[in-house]
Structures are given as C-alpha cells and as structure tokens.
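Trainee: Heads up: the sequence shown begins at 1 in UniProt numbering, then just goes up one per residue.
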Amino acid sequence: MEKKIILEELLLKKSQQKRKMSPANYKKRLFVLTKTSLSYYEYGRKKGSIEIEKIRCVETVNLEESTPPARQYPFQVSHEIYGLLYVYAPDEERRNKWLAAFEKASRDKFLLKFTVCF
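(1) Decide if Leu10 is buried, meaning its Cβ has at least 16 other Cβ atoms within 10 Å, or exposed.
(2) Using 8 Å for Cβ pairs, my map puts Ser37 next to Ile50. What's the rounded Cβ distance?
(3) Would Tyr88 be called buried (16 or more neighbouring beta carbons within 10 Å of its own) or exposed?
(4) If you check the beta carbons only, do Lys35 and Lys4 fall under 8 Å apart?
(5) Assuming Ile6 contacts Leu33 under a Cβ cut-off of 8 Å, what Cβ separation, rounded to an integer in Å, is found between them?
Laid out in structure tokens, this is it:
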C-alpha cells in the first residue's frame, strides 16, 4: 500500500483523558495524513496512529465561550478505536485544508459533519 503523505503539519492535540479525573491538556504534535492512516508524533517518535478505514467522520467543532486564541479552529476525528480525537489548526484556512485532505484520503468513506460543542 502506498504511504504517500497527503498532508503534514504541527497541530495542537487535546489529551484523550483516559482517566476520568485527569485534567485536559493540549500538546503540539506533528500530524501526518496518508491514504491509509493519520499518525501523530512527538519529537520524531510515533505517539498514535489511526487507520483511515476506522475513521467514522471528521467534523468541525463550534467554540465554547472564552476559548483561548490557540484553540480557535478545532476539528474532531471520530474513530472506532479511541472515540474522539480533538485537533486544533492554527487558522480557518489550515483547518479547511485538513478537512479537505481527510475527504480526499477517505474517498468518501465517511461524512463531514458539523457539531455544536464538545
């Protein structure tokens, strides 16, 4: 299977809060999208990977009140393994580029939707 990179960028990722009492934190990760997977890295080391065929949908997320400037352009990736992955683009243009790239990678395997809040 071809591993050609469709899109690669340093983005902000929200922690998945695997423990109910753990606070949310946000870290920069290098995201790499190919036709087969979305992977993210920390200092060159792979931290996670999701197969494209396991992604249910990619959605923009409306902002909550008092959202800091660094988190103004969120989108979520819904997938079978971890549930939801929240990612933050630096601006609307970059977020739209990621949404279009997911659509291209998936070849219409999932729907792009919009939600109210997370």
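Glycine included, every Cβ here is placed at the ideal spot set by N, Cα and C.
Mentor: With the given structure in hand:
(1) Leu10 is classed as exposed because its beta carbon has fewer than 16 other beta carbons within 10 Å across all chains shown.
(2) That pair is a contact at about 6 Å.
(3) Label assigned to Tyr88: buried.
(4) Cβ atoms of Lys35 and Lys4: closer than 8 Å.
(5) Going by Cβ atoms, the distance from Ile6 to Leu33 rounds to 5 Å, so yes, they are a contact pair.
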